[in-house]
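Asker: Protein sequences appear in the order of chains D and X.
If you're matching positions, the first sequence starts at 21 in our numbering and goes up one per residue.
If you're matching positions, the second sequence starts at 122 in our numbering and goes up one per residue.
Ideal Cβ positions, reconstructed from N, Cα and C, are used throughout, including at glycine.
All of these numbers come straight from a predicted model, not from anything done at the bench.
Below is the structure I would like to discuss, written out as structure tokens.
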Amino acid sequence: MKDHKEANRFDLSLQEEIVLTLLVGKELYGLELMKAIEEASEGRLRMKFGSLYPVLHRLEKKGFVTSRWGEDKPEERGSARRRYYMTTGLGEQVLREVQSFRAALATWQPAWGRA
Amino acid sequence: MTTEEILRRYIDFMERFVEGTFAHGLRLLNTIDRCLLIAEQETDESPSRQERREAFRRRLEQRRLSLLHDFEDIRQELRKLDQKRPVVVREHWHILEMRCVSLLAHILPRDAREEWLGDLEEARHELVTSHYAWWAISLITWGRVVLLGWSLIKIKYQDLGFSKKRQHE
């Protein structure tokens, strides 16, 4: 490993990667994220109330996502605003790096001349 | 149906019942009066009978007023309960759910409170519109409240980790 900070970029958990992938190019709020993960995985994977918010908080702390408050106050939410999350430039870059790293792992071959 | 709704309906019903009984008592007195008017031609109404009739009317009026006063007290208590409730908790919440959510609302940071409890309320609303049984909705909501509490602990732990890491760097 060249650099400790550089190595940390790949330190992305599966849940973090899922959320980051989902947020690329769109703004989603907590409940929408949960539904999207469940629907995209056809019910096989669920991110519940107990894990989604810590993941979002972690991503925000790392600077991979950012958030903004929605302006509407829907009645079905008890007039509470929605908090929309979106990826930052850094988040997208890290995601691309992680994906290319995985692709490199999958295509990696042993060096010539190995016994 | 929540406990509060049942209580409200009960009070409405009892109020109507008391008013109905009072009206019935008055009708009964009018009937007695009419009967007495008919009988007046034969015999005069004795003073003791008049007194008993007045006493009956007074008792009826007092009972009615005391019951209506009691109902008003209960209504005031319900109004106080409505004011104390956090903004995200609606009328259709079960009283135990409300207690859990209120407790959570007190320990959550302000931003998380609006976001998390808003999502919780929206998810609950979806269950209600999907016609789940009330006990299933309550059970699921309690579970989610516990998970949100767990989320808060996780986040506090993460923050501790982040600050230690920053100090280390």
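(1) In the DSSP assignment, what are the bridge partners of residue 85 (chain D)?
(2) For residue 276 (chain X), return the contacting residues in chain D, with the cut-off set at a CB-CB distance below 9 Å.
(3) Taking 8 Å as the CB-CB limit, is residue 244 (chain X) close to chain D?
(4) Look up residue 278 (chain X) in the DSSP assignment and say whether it is helix, strand or coil.
(5) When the distance is taken between beta carbons, is residue 78 (chain D) closer than 8 Å to residue 288 (chain X)?
(6) Please specify which runs of the beta strand (DSSP E), each continuous and at least 3 residues long, are wholly inside the segment 32–104 of chain D, giving them in chain order.
(7) Would you say residue 118 (chain D) and residue 75 (chain D) are within 8 Å of each other, going by their C-beta atoms?
(8) Listing by chain order, which chain X residues have their CB less than 7 Å from the CB of residue 70 (chain D)?
(9) Can you tell me whether DSSP reads residue 120 (chain D) as helix, strand or coil?
(10) Put residue 168 (chain X) into one of helix, strand or coil per three-state DSSP.
(11) Does residue 97 (chain D) get closer than 8 Å to chain X when you measure Cβ to Cβ?
(12) DSSP state of residue 253 (chain X), grouped into three classes?
(13) Cα-Cα, which of D:113, D:110, D:66, D:101 is closest to residue 34 (chain D)?
(14) Keeping to the same chain, check which residues put their C-beta closer than 6 Å to that of residue 87 (chain D); ignore five residues upstream and five downstream.
(15) Throw me the rounded Cβ distance for the residue 49 (chain D) and residue 272 (chain X) pair, which I believe falls under 8 Å.
(16) Check the Cβ of residue 255 (chain X) against every Cβ in chain D and list those closer than 9 Å, keeping chain order.
(17) So is residue 51 (chain D) in contact with chain X if we call contact Cβ pairs under 8 Å?
(18) Could you give the distance in angstroms between the alpha-carbon of residue 131 (chain D) and the alpha-carbon of residue 116 (chain D)?
Answerer: So, from the data block:
(1) Paired residue(s): D:107.
(2) Under the 9 Å cutoff, chain D gives 73, 74, 77, 78.
(3) For residue 244 (chain X), the answer is yes, since a Cβ of chain D falls inside 8 Å of its Cβ.
(4) It is helical.
(5) No, Cβ-Cβ distance for residue 288 (chain X) and residue 78 (chain D) is not below 8 Å.
(6) The qualifying runs are 85–89.
(7) Contact annotation: residue 118 (chain D) and residue 75 (chain D) have beta-carbon atoms that are not nearer than 8 Å.
(8) Within chain X, the residues near residue 70 (chain D) are 268, 271, 272.
(9) Under the three-state reduction of DSSP, residue 120 (chain D) is assigned to helix.
(10) The answer is helix: DSSP assigns residue 168 (chain X) an H, G or I state.
(11) Yes, because at least one Cβ of chain X sits closer than 8 Å to the Cβ of residue 97 (chain D).
(12) Three-state DSSP puts residue 253 (chain X) in coil, outside helix and strand.
(13) Considering only alpha carbons, the answer is D:66.
(14) Excluding sequence neighbours, residue 87 (chain D) sits near 103, 105.
(15) 15 Å between Cβ atoms; not a contact.
(16) Under the 9 Å cutoff, chain D gives no residues; its nearest Cβ is about 18 Å from residue 255 (chain X).
(17) So yes, residue 51 (chain D) belongs to the interface.
(18) Between the alpha carbons of residue 131 (chain D) and residue 116 (chain D) lies a gap of roughly 26 Å.
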